[in-house]
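Peer 1: First the structure, then my questions, so here it is.
Numbering (my numbering), first residue to last: 77 to 328.
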């Protein structure tokens, strides 16, 4: 069933298959709902969407969602490309039965697909678009909900906790989880990852928390020693000396 002018839109999109799929979904959403809550084929008078980009097309479809479904898909977009029902239920204010209904509606509309482990977005570009059009304040609040849910269900997910805490604007918690992630990576000799997280923890730890910064620098120095990165190790040692002098001055 080709919609009139659909081939032209497909050509103008550079033959982008995902663009075509989202276009078809947008057309179907203009049709009536069937008894089984699916989408019926619209008649030939349905207007063809004319978005200038895939992002705009997904944004238009998002605006047509009922508020409860939009709230749920925004949360899913923050949690990641694929997420389990348990984590969604923990992070969402909706009751489990209500949440399951929202997720079923999002699957019927082609935003999500059910998997053996939970739910995933039809395409990462769709998730990124939904994340991008969600307001910054809303995104920050959702990231904070994600941290609370992960702390309860997956406390070992240090990298995820660090990411969500930072994106949620919770600097102390982000610094804490970056430090833990860095220390774990160092213990596993994943030195590049360790330094990345430790450097981020240092950025997030204010100067007045000198003892914490000292421990972070000490861990960085050990990782650089293992790497044989002598120049960086010397920089760490110099900064450790400054920290010790500062602490000594305060004590005197």
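Glycine included, C-beta positions come from ideal geometry on N, C-alpha and C.
1) Please state whether DSSP places residue 192 in a helix, a strand or coil.
2) Taking the alpha-carbon positions, what's the residue 207 to residue 314 distance?
3) So does the stretch 196-204 actually touch the stretch 150-157, counting three or more Cβ pairs closer than 8 Å?
4) In whole angstroms, what is the alpha-carbon distance linking residue 145 and residue 181?
5) Using three-state DSSP, classify residue 332 as helix, strand or coil.
6) So which of 148, 140, 252, 231 has the shortest CA-CA distance to residue 177?
7) Do residue 199 and residue 222 count as a contact pair if the criterion is CB distance below 7 Å?
8) Do residue 263 and residue 250 have their C-beta atoms within less than 7 Å of each other?
9) Taking the alpha helix (DSSP H) that residue 181 falls in, what are its first and last residues?
10) How many whole angstroms separate the CB atoms of residue 163 and residue 218, which I take to be in contact at a CB cut-off of 8 Å?
11) Less than 7 Å between the C-beta atoms of residue 270 and residue 253, yes or no?
12) My guess is that residue 295 and residue 288 are in contact by the Cβ rule of under 8 Å, so how many angstroms apart are they, rounded?
13) Can you give, in chain order, each stretch of the beta strand (DSSP E) that sits fully within the stretch 251-321 and has at least 3 residues?
14) Would you check if the distance between the CB atom of residue 244 and the CB atom of residue 220 is smaller than 7 Å?
15) Is the beta carbon of residue 319 sitting closer than 7 Å to the one on residue 290?
16) On the three-state DSSP scale, how would you describe residue 158?
17) Please report the distance separating the alpha-carbon of residue 317 from that of residue 139.
18) Confirm, please, whether the CB-CB distance from residue 166 to residue 233 is below 7 Å.
19) Exposed or buried, which one is residue 137 when buried takes at least 16 other CB atoms within 10 Å?
20) Who are the near neighbours of residue 278 in its chain, counting only those whose CB is closer than 6 Å to its CB and skipping five residues on each side?
21) Go ahead and pull the three-state DSSP assignment for residue 146.
22) Could you tell me the distance, in whole angstroms, from the CA atom of residue 329 to the CA atom of residue 302?
Peer 2: Looking at the coordinates:
1) Looking at residue 192 - three-state DSSP - the assignment turns out to be coil, as it is neither helix nor strand.
2) Residue 207 and residue 314 have their C-alpha atoms some 42 Å from each other.
3) yes
4) 7 Å
5) With the chain running from 77 to 328 in the structure shown, residue 332 is simply not present.
6) 148
7) no
8) no
9) Counting along the chain, the alpha helix (DSSP H) containing residue 181 begins and ends at 172-184.
10) Wrong, their Cβ atoms sit about 12 Å apart, outside the cutoff.
11) At the C-beta level, residue 270 and residue 253 stay beyond 7 Å of one another.
12) Not confirmed; about 11 Å, so no contact.
13) none
14) yes
15) yes
16) In this structure, residue 158 counts as strand in the three-state DSSP scheme.
17) 56 Å
18) no
19) buried
20) 292
21) DSSP, read as helix, strand or coil, puts residue 146 in helix.
22) The shown model of the chain, from 77 to 328, leaves out residue 329, and the question about it has no answer.
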